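The listed protein sequences derive, respectively, from chains A and B. Here our numbering is used: the first residue of the first sequence is 1, the next is one more, and so on. Here our numbering is used: the first residue of the second sequence is 1, the next is one more, and so on. Note that beta-carbon positions come from the ideal geometry of N, C-alpha and C, so glycine has one too. Just so it is clear, the structure is predicted and the values come from calculations on it, not from any experiment.
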Amino acid sequence: MTPGREAIRSKGWWAAQRWLLLRRASQLLVLSLFLSGPWFGLWIAKGNLASSLTFDLLPLSDPFVLLQSLAAGFMPALSGLLGAALVLVAYNLIGGRVFCAWVCPVNAVTDSAAWLRRRLAIKTGRVPDAATRYWLLGAVFGLAALSGSLVWETVNPVHLLQRSLIQGLAGALAGGMTMTLSVLLLVFLYDLLVASRGWCGHLCPMGAFYGLLGPKGLLRVAASQRAACNDCMDCFAVCPEPQVIRPALKQDGQVSPVILDRDCTACGRCIDVCAKNVFNFTHRFDQRSDS
Amino acid sequence: MKPEPTHQQRKEAGALASQARRKFLNRIAAAAGGAGALALGSLFAMPPAAARPAQALRPPGALPEAEFAGACLRCGLCVQACPYGTLRLATPGDGLATGTRVFTARNVPCEMCEDIPCIKACPSSALDHRLTEINNARMGLAVLIDHESCLNFLGLRCDVCYRVCPVIDQAITLEKLHNPRSDRHALLLPTVHADHCTGCGKCEKACVLPTPAIKVLPRPLAQGALPEQYRKGWEEKERHGGSLIGEQVQMPVRGLEDKAPGDTRLNSDWKP
Ligand code: SF4
Ligand code: SF4
Ligand code: SF4
Ligand code: SF4
Ligand code: SF4
């Protein structure tokens, strides 16, 4: 049975989709803050996720891009450094991969691929080692240092997509869009046909970077009602990082019901699809549990 | 007491361990190899700095081309800060690192804002924040590239490129030359001076021809360089307050005695 069907029946449609829809809303909101300026002349955030200025006051920069530039041998300006420091502190507090679930525009693409793969019951392909993303992360910085240029940013789907949407429509879009669409299509097809959750879960160096940047964030999902779990496995089916659930749900190597693994993106999809209301959002130090 | 493992058992345990080790190493190798392949793939997607097309100009204060692609964060803040919509992001078709900022003079030139908002907006060192005087910007160099279609070279008085130059009479001057075709007129040749031209592109934009005769090119493309040891005699003379090699004997040019410079018609009484 499709994961989540049972939850919709017992909790109602909204309760079984709530976090998913709120996440999409959050991703769209971030994008629209950037788009309102170029599209409607209503400037809220200038720039893009790589570096931005909100209300002409708040500088925010992506530490992943900034570090690549540093590796390439260039010292950013003060506003860039300050912006990166703010982002660093924020994600360190809240949890690095919260970026993946709540901000990154590519998430909608890989979620769709995962959904379609489940729908079509595709089982083909081969999943790469989970450590591949860390190797790739190293390679990205290594390449930047060797070439003196931000090589990865030529293909990084996250910034490509954002950039094409925000600045591409204003200027010459044809070429930029082709590149963006082909990279996104590759990611989609890879996740659909080759590896389940392959891109975000095993390859994306940016996700890996944010995971390392905020491994002990406060915002967490906990299996507080784990005694009620009836082993339907729906949460494992929808989770972008299924390996993170087991320790908390099955008390495998830990007592705490909180999902502590840094790879958990705090997407809340497990909360949605669980018909037994096992999961809930909480903070890292919440030890309440029914078992 | 635990029995000593037999030779056979030991061998099996050893084989198992080495098998596990091999598997582990294989896994690492696959992960590293895959990551390396992917990273190298991204290298192919990036055009080399040397492939920069001639008509792609960088914003004021931009670092030299080889460095620009490493410093620019591709955020587009400079694009959005420009009140004239001069800048745009490079797309793969441009043959430049995608997402870095360029402008095309013939489309929208740089208006040379006094407060240089594009530099102020830049969160990186891609645009040099020490550049505060726009006249010192060196985005490129105007070159009167086509002497055969420039109207002034044809003897007309177009002068448009000269008139629109924000650094008029310094970056671009009209140099007077005898017009041998009509014999009675002057040619006023638009002449660009690299010491003052900012490369803003206003002259290229304004050129009245369907395809401009004056074009702004990236400086490395537009400029030659004298060899190190060359000295210009007239400059050395001025610096030292006199010729360094003493007075020179001035030899008359046979057949051109008493002629104005540039007038190459032979004297009527000249015989070879
Ligand atoms: S893993 Fe990468 S592509 Fe996926 S959501 Fe995170 S940053 Fe975005
Ligand atoms: S454990 Fe739950 S919140 Fe965490 S990534 Fe998986 S589905 Fe999302
Ligand atoms: S100096 Fe002014 S016109 Fe020129 S690129 Fe910068 S903001 Fe645009
Ligand atoms: S503002 Fe600076 S870092 Fe951003 S795109 Fe322009 S040159 Fe690059
Ligand atoms: S590019 Fe043309 S208009 Fe601009 S400073 Fe140079 S000569 Fe003048």
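- Boundaries of the beta strand (DSSP E) harbouring A/Asn280: Asn280 to His283, taken from the DSSP string.
- Identification of residues in the region 64-82 of chain B having a C-beta nearer than 8 Å to some C-beta of chain A yields Ala66, Glu67, Ala69, Gly70, Ala71, Cys72, Leu73, Arg74, Cys75, Gly76, Leu77, Val79, Gln80 and Ala81, given in sequence order.
- Sorting A/Gly41, A/Leu67, A/Val89 and A/Pro59 by C-alpha distance to the C-alpha of A/Gly214 places A/Val89 at the top.
- Taking the C-beta atoms as reference points, A/Pro3 is found no nearer than 8 Å to A/Val278.
- None of the residues of the region 214-236 of chain B has a beta carbon lying less than 9 Å from any beta carbon of chain A.
- Within the same chain, and ignoring the five residues on either side of B/Arg106 in sequence, the residues whose Cβ sits closer than 7 Å to its Cβ are Glu204, Lys205 and Pro212.
- By the C-beta criterion, the region 183-197 of chain A is judged not to be in contact with the region 220-236 of chain A, since fewer than 3 inter-stretch pairs fall below 8 Å.
- Under the three-state reduction of DSSP output, B/Lys271 falls in the coil class, being neither helix nor strand.
- The beta carbon of B/Ser124 is closer than 7 Å to those of Ala71, Cys72 and Leu73 in its chain, skipping five residues each way along the sequence.
- Each of B/Asp195, B/Asn179 and B/Ile214 was checked against the Cα of B/Arg265, and the nearest Cα belongs to B/Asn179.
- Taking a Cβ-Cβ cut-off of 7 Å, the neighbours of B/Gly34 in chain A comprise Pro128 and Thr132, given in sequence order.
- Under the three-state reduction of DSSP output, B/His185 falls in the coil class, being neither helix nor strand.
- Burial state of A/Glu153 is buried, judged by a 10 Å Cβ sphere holding 16 or more other Cβ atoms.
- In summary, B/Ile245 is exposed, with fewer than 16 beta-carbon neighbours lying within 10 Å of its beta-carbon over all protein chains present.
- B/Glu236 is classed as exposed because its beta carbon has fewer than 16 other beta carbons within 10 Å across all chains shown.
- The beta carbon of A/Ile166 sits closer than 8 Å to some beta carbon of chain B.
- Not one heavy atom of ligand 1 falls within 7 Å of the beta-carbon of A/Trp19.
- The beta-carbon of A/Pro76 is placed less than 8 Å from the nearest beta-carbon of chain B.
- Within the region 41-58 of chain A, the residues whose Cβ lies closer than 9 Å to any Cβ of chain B are, in chain order, Trp43, Lys46, Gly47, Asn48, Leu49, Ala50, Ser51, Ser52 and Leu53.
- According to DSSP, B/Thr191 shares a beta bridge with B/Thr173.
- A/Trp135 is classed as buried because its beta carbon has at least 16 other beta carbons within 10 Å across all chains shown.
- Around the CB of B/Ser268, fewer than 16 other CB atoms lie within 10 Å, so the residue is classed as exposed.
- Judged by DSSP in its simplified three-state form, A/Leu260 adopts coil rather than helix or strand.
- Taking C-beta atoms as the reference points, A/Ala131 and B/Ala31 count as a pair closer than 8 Å.
- Assignment of beta strand (DSSP E) within the region 121-158 of chain B, counting only whole runs of 3 or more residues, yields 141-144 in chain order.
- The residues Gln68, Ser69, Ala71, Ala72, Leu150, Val151 and Trp152, in chain order, have a CB closer than 8 Å to that of A/Ala144 in the same chain once the five nearest residues on each side in sequence are set aside.
- Of all residues in the region 77-96 of chain A, the ones placed with a Cβ closer than 7 Å to any Cβ belonging to chain B are Ala77, Ser79, Gly80 and Gly83, in chain order.
- Take the alpha-carbon of A/Gly37 and the one of A/Leu53: they are about 12 Å apart.
- By the Cβ criterion, the region 110-127 of chain B is not in contact with the region 170-186 of chain B, since fewer than three pairs of Cβ atoms, one from each stretch, lie closer than 8 Å.
- Under DSSP, the beta-bridge partners assigned to B/His178 are B/Ala186.
- Membership of B/Ile116 in any beta strand (DSSP E) is not indicated, and neither H nor E is assigned to it by DSSP.
- For B/Pro123, the chain A residues whose C-beta falls within less than 7 Å of its own C-beta are Ser51, Pro59, Ser61, Pro76, Ala77, Ser79, Gly80 and Gly83, listed in chain order.
- Among the residues of the region 122-142 of chain B, those with a Cβ less than 8 Å away from any Cβ of chain A are Cys122, Pro123, Ser124, Ser125, Ala126 and His129, in the order of the chain.
- Look at B/Thr198: its beta carbon is less than 7 Å from one of the heavy atoms in ligand 5.
- Residue-level contact check: A/Thr124 does not touch chain B, since none of the beta carbons of chain B fall below 8 Å from its beta carbon.
- The beta carbons of A/Ile271 and A/Trp19 sit about 6 Å from each other, so the pair counts as a contact at 8 Å.
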